[in-house]
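Q: Could you have a look at this structure, given as structure tokens, before my questions?
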């Protein structure tokens, strides 16, 4: 094999991309080269200039069709200029001019005497047992911000109340920017993007009166179908480690504490069935991101998970995470040297003795309550326990130290002799300073990150970018509803941005005359026309439905369009009558009502408006009956934020809270169908009560989409995997735990039907996929291109359009493998890895993590694990571009720390500017002993080695024809393996193959180097 290889979506015919992907399978098939230099593990940037997030300003967002426009913006001190040009009617990103790299934002330094600094020691010496409990045990916020957690503090000593908020973004009652989900952002393969994200999140948290944010999440995407994959950084431990540290440094540089979650082994399995994990896999895979968060990110705290597990070789029996002293004390506090504190996930604490195991702070349970803990730590108590007193003091010290480190204490309450050297800005008399989020800054960052998140998975015959000179059919449910950021643990985003849909963005690109909107599958629906509603069966009956109020009064509404002005808060209304169906079809019957309540709290914070009806209760009641049969109504677009739905007024604090959308799908024959639905707006509804009754006939709407595909030059089909969002659940969202997530049947049929119509007319069909994890794609051969946009945040509509039309060149790479089908995963036919098995002397089933270190792509590329030779549909690290890149000059040298320095050159050989993410993989060591296994198939000695593992990567921006030489340092730990018996890292010495490529299945250059 030669020293140079071309890759990219536009490779010359002599080197087709498909050949590159399929011809190069493993490092064994690669040729040799030679050497390199070095650079930092946490920020392994090239010796040449650092490239950053492709950032674009909000200026001119409604009209990007300009011959030559220079746009720039600054987010977190990082900027980039973009020049746009027109060529053959297609907008193309041209001549990107990166600005000089800025210094990455970093966390505050940790004191050498932490956590027992002089300030902490003084405060601890002054506290009563009850005050110690007030520091470690959750409290009730008297001025609720809608945040997840609250700690009362000790005001008399200058220890303020502390508020914890969920992430991504800042999830409180006030609006904050909705950023792309973390799995999408991981596709950027760009550390700087995470640092910028972290800084923006930190700024918003500080502005919104929050002190600590729960994030980033460092769990691994082990199961392809887990519904929480969307909040992870994917399947690779090194990638997750790098991104988590970069994000934490960004967050904490602003003075907001970051709490990494979860520690550990919370990866989609049933959390109450014991998991058995080998010590080597535990340290190399599942604990590695937490280690990086602590040692490279300087994270303030970690959250112990819900999972029960046993690290085989370190523990004699399974224990829950928050009760697990080996995990919390031995590993996190002693090995990783966390000086901060450990918080329980909500209700994850199991007993008061958890504080002895190393848990410092509890939420949503009462094991550290005053009634349980004070008798154990009060010297005057007959139940006094020295171990509990010492453990509690240590917990309090760790928490107080982080408050000191982040300047949260109130020095006015602390004697001068005990004041911290770190400036303190806390004020125990204030709860909120009335500031608000810098919306424009967050908006700009959200757009830049969404553009870096897009992954071009397929692009046959250069179907993309689209042409602005051609007409386009815009189809699919997420064309008219932006799936910005699903789930409950996220910022909602600003309504005006979340409602800027892909349809609106595409229309801004090409003009309304060139766009036909035909969703086909419609989650908004059309208000049921008056002509299709009757009060009674009588042919001469009044059109409309009868509305009955709780007081017995009635009136006839000719249409239920969500514009009512006479519905009262606290009332109850029932509409009855008949639905006149003139065409048999499968109808989506939809009911939409306003979202949010007014708590009556008129403090400075948010005017008392709560974004959801209540935190733990269902929405205001809506019920539906058709033909006297009660219907179970659900949200058909469960991942769509309420404020993405158009219509309705703003709340008294000027927030647009949006709509709750509920419905049912029914086959209705021609004729009259009895209909009844009830709405009970509460007294605390934040806006005027309204209700909308809409329908969406599937076959009729699909026919419109087919017609649009036939008559327009290009068709884009927007589909969504309907991830329900964040679920704590017992396991992956599938019946077998091995099955892949699928698009629902109606969307698959829409893709197949519409793409066939487009092709029959000689037109191309493109799919934009919004998903929270890998999905099955049995339809992929029926379309010309696929753009994976994940859940792209509040600017996702515009980012998607910019990528489709080439204003931005796709540069995303998959952070997790997309399997071909259910049978071709590491979990198929391995019940012990999914739901668990009961073997030998076990008294209950357990889940055996027999895949060990072969997680994700490692399993596919290891022939000893993937014995059937399954190939992924799209491999880890894969992503196409509108240009091509050539790799050359791979050289590797030994570094002084025992690691490696890898040098190579990347050249943009195509006709468009773009970014690439070259990836460095290493093969197995010949000197490490072969693994030994116990009866359950868990490694207990020796070393399991993957055929290849990722050890470095970078994100490099290149203008057309430009070359850059990169030098990346591979840290000693990345060429080492964890010794189960010796409980230490052992270097994997000997001749090892180092490969360079564009994905785990596309390794184009390779050298052999002796590691020593």
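Numbering (my numbering), first residue to last: 770 to 1781. We put the CB at the ideal spot given by N, CA and C, even for glycine. Note that the coordinates shown come from a computational prediction; the quantities given were computed from them, not determined experimentally.
Using only the alpha-carbon positions, how far apart do residue 908 and residue 1420 sit?
A: The residue you call residue 908 lines up with position 139 of the chain shown. The residue you call residue 1420 lines up with position 651 of the chain shown. Each residue's alpha carbon lies about 29 Å from the other.
Q: Is the beta carbon of residue 1168 sitting closer than 8 Å to the one on residue 904?
A: Position 399 of the chain shown, counting from 1, holds the residue named residue 1168. Position 135 of the chain shown, counting from 1, holds the residue named residue 904. It is a contact, given that the beta carbons lie within the stated cut-off.
Q: Looking at the secondary structure, which residues open and close the beta strand (DSSP E) in which residue 1070 lies?
A: Residue mapping note: residue 1070 aligns to position 301 of the chain shown, counting from 1. Unbroken beta strand (DSSP E) run through residue 1070: 1070-1073.
Q: Can you name, in chain order, every residue of its own chain whose Cβ lies under 8 Å from the Cβ of residue 1057, other than the five neighbours on each side?
A: Position 288 of the chain shown, counting from 1, holds the residue named residue 1057. Cβ within range, chain order: 1006, 1007, 1009, 1010.
Q: Provide the residue span of the beta strand (DSSP E) that contains residue 741, from first to last.
A: Since the displayed the chain opens at 770 and closes at 1781, residue 741 lies outside it and no answer follows.
Q: Taking 8 Å as the cut-off, decide whether the C-beta atoms of residue 1124 and residue 1157 are in contact.
A: Numbered from 1 along the chain shown, position 355 holds the residue referred to as residue 1124. Numbered from 1 along the chain shown, position 388 holds the residue referred to as residue 1157. Contact: yes.
Q: If we ignore side chains and look at the alpha-carbon of each, how far apart do residue 1426 and residue 1411 end up?
A: By 1-based counting over the chain shown, the position of residue 1426 is 657. By 1-based counting over the chain shown, the position of residue 1411 is 642. Going by the C-alpha atoms only, they are around 7 Å apart.
Q: Just the Cα atoms here: how many angstroms apart are residue 895 and residue 1563?
A: Here residue 895 corresponds to residue number 126 of the chain shown, with the count starting at 1. Here residue 1563 corresponds to residue number 794 of the chain shown, with the count starting at 1. For residue 895 and residue 1563, the distance between alpha carbons rounds to 48 Å.
Q: When the Cα atoms are used, what is the spatial distance from residue 1027 to residue 940?
A: The count along the chain shown starts at 1 and reaches residue 1027 at position 258. The count along the chain shown starts at 1 and reaches residue 940 at position 171. Approximately 14 Å, taken between the alpha carbons.
Q: Around the C-beta of residue 813, are 16 or more other C-beta atoms found within 10 angstroms, so that it is buried, or is it exposed?
A: On the chain shown, position 44 is the one that residue 813 refers to. At residue 813 the pLDDT is 33, less than 50, meaning the model places this residue with poor confidence and gives no usable figure here.
Q: Could you check the C-alpha separation between residue 1003 and residue 1185 for me, to the nearest Å?
A: Within the chain shown, the letter at position 234 stands for residue 1003. Within the chain shown, the letter at position 416 stands for residue 1185. Rounded to whole angstroms, residue 1003 to residue 1185 spans 48 Å at the Cα level.
Q: With a CB to CB cut of under 8 Å and the five nearest residues on each side skipped, what residues in its chain are close to residue 1368?
A: Residue mapping note: residue 1368 aligns to position 599 of the chain shown, counting from 1. Cβ within range, chain order: 913, 1377, 1378, 1379, 1453.
Q: Between residue 1646 and residue 1582, is the Cβ-Cβ spacing less than 8 Å?
A: Numbered from 1 along the chain shown, position 877 holds the residue referred to as residue 1646. Numbered from 1 along the chain shown, position 813 holds the residue referred to as residue 1582. Yes, the Cβ-Cβ distance between residue 1646 and residue 1582 is below 8 Å.
Q: Distance, Cα to Cα, residue 1763 vs residue 1669?
A: One-based indexing of the chain shown puts residue 1763 at position 994. One-based indexing of the chain shown puts residue 1669 at position 900. If you take the alpha carbons of residue 1763 and residue 1669, they lie about 10 Å apart.
Q: Quick check for students: name the residue ranges of the alpha helix (DSSP H) that lie wholly in the region 1554-1634, counting only runs of 4 or more.
A: Counting whole runs of 4 or more residues, the region 1554-1634 contains the alpha helix (DSSP H) stretches 1565-1573, 1626-1629.
Q: Would DSSP call residue 1303 helix, strand or coil?
A: As a working mapping, residue 1303 is identified with position 534 in the chain shown. If DSSP states are grouped into helix, strand and coil, residue 1303 belongs with the strands.
Q: Does the region 1590-1597 touch the region 1010-1022, meaning 3 or more C-beta pairs lie closer than 8 Å?
A: The region 1010-1022, when compared against the region 1590-1597, does not touch it at the 8 Å Cβ threshold.
Q: Run the CB neighbour count on residue 1046, radius 10 Å, all protein chains shown included, and call it buried at 16 or more, exposed below.
A: Position 277 of the chain shown holds residue 1046. Residue 1046 should be labelled buried.
Q: Assign residue 1323 to one of three DSSP states: helix, strand, or coil.
A: Position 554 of the chain shown, counting from 1, holds the residue named residue 1323. DSSP places residue 1323 in strand when its eight states are reduced to three.
Q: State the Cα-Cα distance for the pair residue 1287 and residue 1265, rounded to the nearest angstrom.
A: The residue given as residue 1287 occupies position 518 in the chain shown. The residue given as residue 1265 occupies position 496 in the chain shown. For residue 1287 and residue 1265, the distance between alpha carbons rounds to 23 Å.
Q: Does residue 1020 come out as helix, strand or coil in the three-state DSSP assignment?
A: Along the chain shown, one-based indexing puts residue 1020 at 251. Here residue 1020 sits in helix by DSSP.
Q: Excluding the 5 residues preceding and the 5 following residue 1477 in the sequence, name in chain order all residues of the same chain whose CB lies nearer than 6 Å to its CB.
A: The count along the chain shown starts at 1 and reaches residue 1477 at position 708. If we look at residue 1477 and ignore the five residues flanking it on each side, its Cβ neighbours are 1242, 1285, 1287.
Q: Which of the three DSSP states is assigned to residue 1273 in this structure?
A: As a working note, residue 1273 is residue 504 in the chain shown. In this structure, residue 1273 counts as helix in the three-state DSSP scheme.
Q: What did DSSP end up calling residue 768 once you bin it into helix, strand or coil?
A: Examination of residue 768 is not possible in this model, given that the chain is present from 770 through 1781 alone.
Q: What does the alpha-carbon distance come out to for the pair residue 726 and residue 1035?
A: An answer regarding residue 726 cannot be provided, because it is not within the stretch 770 to 1781 covered by the chain.
Q: Let me confirm a value: residue 1102 is counted as buried when at least 16 other C-beta atoms fall within 10 Å, else exposed. Which label applies?
A: Translated into positions along the chain shown, residue 1102 becomes position 333. The residue is buried, with at least 16 neighbouring Cβ atoms inside 10 Å.
Q: Under three-state DSSP, which class holds residue 1773?
A: Residue 1773 sits at position 1004 when you count from the first residue of the chain shown. The answer is strand: DSSP assigns residue 1773 an E or B state.
Q: Counting C-beta neighbours from all protein chains within 10 Å, is the total for residue 1539 16 or more, i.e. buried, or is it exposed?
A: Within the chain shown, numbered from 1, the residue matching residue 1539 stands at position 770. Buried, by the Cβ-count rule.
Q: From the DSSP output, in three-state form, read off residue 1078 for me.
A: Taking the chain shown and counting its residues from 1, the one referred to as residue 1078 is at position 309. In the structure shown, residue 1078 sits in a strand (DSSP, three-state: E or B).
Q: Distance, Cα to Cα, residue 1605 vs residue 1615?
A: As a first step, residue 1605 is located in the chain shown; it is residue number 836 there, counting from the start. As a first step, residue 1615 is located in the chain shown; it is residue number 846 there, counting from the start. Whole-angstrom Cα-Cα distance: 5 Å.
Q: Fully enclosed by the region 1394-1470, which alpha helix (DSSP H) runs are 4 residues long or longer?
A: DSSP runs (the alpha helix (DSSP H)) wholly in the region 1394-1470: none.
Q: Please report how far the alpha carbon of residue 1404 lies from the alpha carbon of residue 1487, in whole angstroms.
A: Stepping through the chain shown from its first residue, residue 1404 is reached at position 635. Stepping through the chain shown from its first residue, residue 1487 is reached at position 718. Using only the alpha carbons, I get a separation of about 18 Å.
Q: Rounded to the nearest angstrom, what separates residue 1622 and residue 1225 at their Cα positions?
A: Here residue 1622 refers to the residue found at position 853 of the chain shown. Here residue 1225 refers to the residue found at position 456 of the chain shown. Distance between the alpha carbons of residue 1622 and residue 1225: 28 Å.
Q: For residue 1579, which option in 1636, 1527, 1685 has the closest C-alpha, if you only look at C-alpha atoms?
A: Taking the first residue of the chain shown as position 1, residue 1579 is located at position 810. That would be 1685, whose Cα lies nearest to the Cα of residue 1579.
Q: Measuring only the C-alpha atoms, how far is residue 1353 from residue 1435?
A: For this step, residue 1353 is matched to residue 584 along the chain shown. For this step, residue 1435 is matched to residue 666 along the chain shown. Cα-Cα distance, rounded: 11 Å.
Q: Would you call residue 1173 buried or exposed, if buried means 16 or more other Cβ atoms sit within 10 Å of its Cβ?
A: Here residue 1173 refers to the residue found at position 404 when the chain shown is read from its first residue. Flag for residue 1173 reads buried.
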